[in-house]
Amino acid sequence: MKINTLQDLYIEELRDIYNAETQLVKALPKVAQAATSDELRAAIEDHLEQTKEHVERLDQIFESLGAASKGKKCKAMEGLVEECNELLDEDIAESVLDAALIAACQRVEHYEMSVYGTLSTFAKLLNREDDADLLGQTLDEEKEADETLTDIAESTINAEAEQAEESEEEEKSSSKKSNKK
Ligand code: FE
Ligand code: FE
Ligand code: ZN
Numbered sequence: 282m283k284i285n286t287l288q289d290l291y292i293e294e295l296r297d298i299y300n301a302e303t304q305l306v307k308a309l310p311k312v313a314q315a316a317t318s319d320e321l322r323a324a325i326e327d328h329l330e331q332t333k334e335h336v337e338r339l340d341q342i343f344e345s346l347g348a349a350s351k352g353k354k355c356k357a358m359e360g361l362v363e364e365c366n367e368l369l370d371e372d373i374a375e376s377v378l379d380a381a382l383i384a385a386c387q388r389v390e391h392y393e394m395s396v397y398g399t400l401s402t403f404a405k406l407l408n409r410e411d412d413a414d415l416l417g418q419t420l421d422e423e424k425e426a427d428e429t430l431t432d433i434a435e436s437t438i439n440a441e442a443e444q445a446e447e448s449e450e451e452e453k454s455s456s457k458k459s460n461k462k
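When we follow the numbering used here, the leftmost residue of the sequence shown carries the number 282, and every step to the right adds one.
Below is the structure:
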């Protein structure tokens with residue numbers, strides 16, 4: 282499709298994030314399952330439900346534009362999901378797995394936040410106020426998801442990951458001592 286106008290670009294960007302959100306609906310259940318912290322798993326599961334709503338909001342927008350939602354693959358999201366899957370295949374200590382999952386999820390949220398920020402600006406410029414409302418709601422939910430992940434990381438998981446490292450080091454140095462005897 283040739284992109285001539287801001288409206289064309291708007292639709293192209295909407296298709297990109299539509300594809301990204303549908304990739305996430307497929308990918309997030311496995312990520313939630315992998316989390317060891319109940320708090321983290323619940324947060325990811327909650328955001329999966331929100332993600333399904335994000336798809337529905339986009340469906341609504343495509344319908345009012347009379348445009349097809351399909352036709353673009355978000356390669357960026359494909360890459361982010363792939364990195365996350367690589368992580369799940371990796372031999373990774375339980376104490377740092379959740380920290381790694383949070384890092385992967387936050388990359389996703391930041392990508393989405395930037396897309397929805399752009400899209401709500403475009404919607405306003407195109408005088409599509411209803412779209413701007415829907416896109417703004419999703420943007421707020423992406424931001425909240427990101428903040429929740431930061432809170433979980435700062436309150437528990439990063440500390441646990443660090444503690445695990447310290448006790449590992451202690452073990453190493455105490456085994457060195459006992460080796461000297
Ligand atoms: Fe989303
Ligand atoms: Fe993309
Ligand atoms: Zn999200």
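Built from N, CA and C at the ideal position, the CB exists for glycine as well.
*CB-CB under 6 Å to T390, same chain, minus the five flanking residues each way: which ones, in chain order?*
Here residue 390 is Glu; the residue named in the question, Thr, does not match the sequence. Excluding its 5 nearest sequence neighbours in each direction, E390 has C-beta neighbours in its own chain below 6 Å: E423, A426 and D427, listed in chain order.
*Can you tell me which of the three DSSP states R409 falls into?*
Correct three-state label for R409: coil.
*For L384, which residues of its own chain have a beta-carbon under 7 Å away from its beta-carbon, when the five flanking residues on both sides are left out?*
Sequence check: residue 384 is Ala here, not Leu. So no residue of the chain qualifies.
_Looking only at its chain, what residues have a beta carbon closer than 8 Å to the beta carbon of L369, apart from the 5 residues adjacent to it on each side?_
Same-chain partners within the cutoff: K311, V312 and A315.
*Beta-carbon spacing of Q341, L415 below 8 Å*: Their beta carbons are under 8 Å apart, which means Q341 touches L415 by this criterion.
*asked:* Under 8 Å, with one C-beta from each stretch per pair, do the segment 351-366 and the segment 289-309 reach the 3-pair mark?
replied: yes
*To the nearest angstrom, how far is it from the Cα of I438 to the Cα of I292?*
39 Å
*What does a CB cutoff of less than 6 Å around H328 pick up in its chain, not counting 5 residues either side in sequence?*
A426
*asked:* Given this structure, state the Cα-to-Cα distance separating S459 from A445, to the nearest angstrom.
replied: Residue placement at S459 cannot be trusted, given a pLDDT of 49 that sits under 50; the coordinates are not used to answer.
*When you compare each of L321, S345, E435 and T303 to D411 by their alpha carbons, which one comes out closest?*
With distances taken between Cα atoms, D411 lies closest to S345.
_Rounded Cβ spacing between C365 and L430 (contact assumed at less than 8 Å)_ = About 13 Å; that fails the 8 Å criterion.
*Check whether the Cβ of E326 lies closer than 7 Å to any heavy atom of ligand 4, and answer yes or no.*
Summarising the ligand content, the structure contains ligand 1, ligand 2 and ligand 3 and does not contain ligand 4.
*Out of Q304, Q331, E435 and M282, point me to the one whose CA is closest to E363's CA.*
Q304
*Rounded C-alpha distance that separates L290 from A442*: So the alpha carbons of these two residues sit roughly 43 Å apart.
*Buried or exposed: which applies to E393, given that a residue is buried once 16 or more other Cβ atoms fall within 10 Å of its Cβ?*
buried
*asked:* Could you give the first and the last residue of the continuous alpha helix (DSSP H) run that contains N366?
replied: K356 to D370
*Below 7 Å CB to CB, which residues in the same chain sit around S350 once its five sequence neighbours on both sides are set aside?*
R296, Y299, L339, D340 and F343
*Starting from T437, trace the alpha helix (DSSP H) both ways and give me its first and last residue.*
That residue, T437, is in no alpha helix (DSSP H); it is neither H nor E in DSSP.
_Suppose the cutoff is 7 Å on Cβ atoms and the five residues either side in sequence are ignored; what does the same chain contact list for Q288 look like?_
Only residues of its own chain outside the window of five on either side were considered, and among them L407 have a CB closer than 7 Å to the CB of Q288, listed in chain order.
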